[in-house]
Structures are given as C-alpha cells and as structure tokens.
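A.B. asks: So that we are looking at the same thing, I have put the structure below in structure tokens.
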Amino acid sequence: MPKQSVAPSRPQTNKPVKQISSHMPQQDSRPMKRPARRLFDDEDVKALSMISKMFKYADCDDDDSDMEANFDDIMKEERLSAKIARMEDEEQLRLIEEEEQREQIRK
C-alpha cells in the first residue's frame, strides 16, 4: 500500500540559512572562564584553625549516640518549657497592667 503524505498542521516557512564565513571573526557569547581557585596558604590555614578553636568545632564529631531521649527526659523538658512559658506570660501580663495604670494616671 503506498504511503500518503499528510499536510502539516502548521504552515512551514522557509527561513534563510545564515552563511558563516570562515574568514570573518565569530563573536563568542559564552561567559569568560573563571580563574582557578587558589589553594589555602599558611595564613588561611592558621585563621581557619583559630576560628574552629574559638567556636570549638570538632572536626569529625559525628557521634550522635547521646542524642537519644527517653520518655522521662521528654516529659522533664516539657514541664520546664511549660514553667518558662507561664513565667513569661505572667511577666507580659504585669507589663500590660503597668502600662494601663500609667495610661489611667495620664487621664
């Protein structure tokens, strides 16, 4: 059975093909290559070690076995958090009441 040609759904336009001349300089729109990273010198290494000592960074301290908490530890922390929240709420309430008293005195 012979194949039938199908009309394209979009009309095709013939675009002129640009001829690139080999003797014309071609513009390169690519970004310039970055210079290679410089390696650390002795001063950099000293500065980095001083910073790590200041902030007590451990180089290879990936041990997280002490990060586990049992139910009692969690409940203790929850009670402490609730106590701190109550104290903060009481302090805020006291400050609001003082501000209201000052407002009443001004009137």
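Going by numbering that gives the first Met the number 0, the sequence shown opens with residue 0, and the numbers climb by one from there. All residues carry an ideal CB built from backbone N, CA and C; glycine is no exception.
Could you give the distance in angstroms between the alpha-carbon of residue 101 and the alpha-carbon of residue 87?
C.D. replies: Their Cα atoms are separated by approximately 21 Å.
A.B. asks: Can you give me the C-alpha to C-alpha distance between residue 96 and residue 80, rounded to a whole angstrom?
C.D. replies: Their Cα atoms are separated by approximately 24 Å.
A.B. asks: How far does the alpha helix (DSSP H) with residue 81 in it reach, from first residue to last?
C.D. replies: 70-105
A.B. asks: Which of the three DSSP states is assigned to residue 52 in this structure?
C.D. replies: helix
A.B. asks: Work out the CA separation of residue 78 and residue 68 for me, nearest whole Å.
C.D. replies: Their backbone Cα atoms lie some 15 Å apart in a straight line.
A.B. asks: Grouping DSSP H, G and I as helix and E and B as strand, with all else coil, what is residue 45?
C.D. replies: helix
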